[in-house]
Amino acid sequence: MKIRVLGSSAGGGFPQWNCNCRNCDGVRRGSIAARARTQSSIAVSNNGEDWLLVNASPDILAQIAANPELQPARGVRDTGIAAVVTMDAQIDHVTGLLMLRERGTPLPLYTTDAVWQDLLTGFPITSILSHYCGVEHRRIALDGAAFSVPELPCVSIEARPLSSKAPPYSPHRNAPEVGDNIGLMFTNTATGKRAFYAPGLDELAPPVLDAMREADLLLVDGTVWTDDEMIRLGLTKKTGRDMGHLAQSSPGGMIDVLESIDRTGQRKVLIHINNTNPILVEDGPERRMLTERGIEVAHDGMTFEL
Ligand code: MLT
Ligand code: MN
Ligand code: ZN
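Quick note on this note's numbering: the sequence shown kicks off at 150 and runs consecutively.
Okay, here's the thing in structure tokens:
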């Protein structure tokens, strides 16, 4: 099973178009040791030709261009993207669906009921797409049962509901529903190796912690270093928590959680990194702190074989 990081940044990307924070300005000028990143998405495959797109980022076209394996060119019109799953209905995870409208057949789209509701109402992207390729909705049940995508034999998928946030335009932004946000466990049924992907994660309930303990690869929420980082920069009034993201450096934060997990050979990788996060600076003290603890920072193009 191959996992390719298509976009390792949070919503907005890095640099963000209208941002001149130290990181965004620095990466634009080349004055800091950091690389640009596109918005939140990974792709999973077991044959390297048929891929499950996990989140459809606003940057999907650039991501396809940067990853030629997603275009196997078997016909005059073709794509390696066999199906899509979106883990919530946030702009950074669903907007790219619009860019896939030229498909010849309805787009197979896996979502929970809560996310599907948002895609019919708050962000009615599926009714827009019905005028183009259309969507073939495949429902993710939250009964704990594993499911598989017919196009990806040997990959078993389990959805774990988790605490983060429905988008601001969701009818249930302030009345959370189970399934607004999920984490996904991917198991290679041939090797038994597992990866847990959760780009949005605030409270780590026991089932989520269990999933994290069972995985050989963790790709988990790396949005902010400190909860008030965006407030201190004068960029927003929202904390990381308000947006559904657990900060890394706070007591009980993501670093502490990751340090508490002791699984031999497990790789711990932060993903969905906001452009304000100091861990983007490769020679900075925050990055060093992570490295010393065996925690990696995802970048676009990073590939895992499990
Ligand atoms: C989030 O993860 O909090 C959202 O994607 C932020 C956004 O896109 O505005
Ligand atoms: Mn996001
Ligand atoms: Zn910025």
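Glycine residues also receive a C-beta, built at the ideal position from the N, C-alpha and C atoms.
On a predicted model such as this, the values are computed, not experimentally measured, just so you know.
CA-CA distance, residue 161 and residue 326? 25 Å
Leaving out five residues on either side along the sequence, give the residues of the same chain with a beta carbon under 6 Å from the beta carbon of residue 384. Within the same chain, residue 384 has no close Cβ partners at all.
Quick check on residue 242: does DSSP put it in helix, strand or coil? helix
Pairing CB atoms from the stretch 294-314 with CB atoms from the stretch 335-342, are three or more of them under 8 Å? yes
According to DSSP, is residue 422 part of a helix, a strand, or is it coil? strand
Integer Cβ distance of residue 226 from residue 258, believed to fall under 8 Å: Residue 226 to residue 258, Cβ: 19 Å. No contact.
Express the C-alpha separation of residue 424 and residue 167 in angstroms, rounding to a whole number. 11 Å
Indicate the three-state DSSP secondary structure (helix, strand or coil) for residue 298 in the structure shown. When secondary structure is reduced to three states using DSSP, residue 298 falls in the coil class, being assigned neither helix nor strand.
From 311, 316, 180, residue whose alpha carbon lies closest to that of residue 356: 311
Can you tell me whether residue 350 is buried or exposed, with buried defined as 16 or more other CB within 10 angstroms of its CB? Buried: at least 16 other Cβ atoms inside 10 Å.
Should residue 200 and residue 231 be called a contact, given that it needs their Cβ atoms to be closer than 8 Å? yes
For residue 164, verify whether its CB is less than 7 Å away from any heavy atom of the ligand ZN. Yes, the ligand ZN has a heavy atom inside 7 Å of this Cβ.
Using the Cα positions of residue 299 and residue 195, report the straight-line distance between them to the nearest angstrom. 12 Å
Can you give the Cα-Cα distance for residue 395 and residue 276, rounded to whole angstroms? Their Cα atoms are separated by approximately 33 Å.
If you drop the 5 nearest sequence neighbours on each side, which residues of the same chain put their C-beta closer than 6 Å to that of residue 190? 155, 156, 204, 206
Assign residue 220 to buried or exposed, taking buried as 16 or more other Cβ atoms, counted over all protein chains shown, within 10 Å of its Cβ. Classification of residue 220: exposed, given that the 10 Å Cβ count is below 16.
Could you tell me the distance, in whole angstroms, from the CA atom of residue 352 to the CA atom of residue 391? 12 Å
Are three or more beta carbon pairs between the stretch 373-381 and the stretch 416-434 nearer than 8 Å? yes
Taking the alpha-carbon positions, what's the residue 240 to residue 387 distance? 17 Å
Assign residue 358 to one of two classes, buried (16 or more other C-beta atoms within 10 Å of its C-beta) or exposed (fewer than that). exposed
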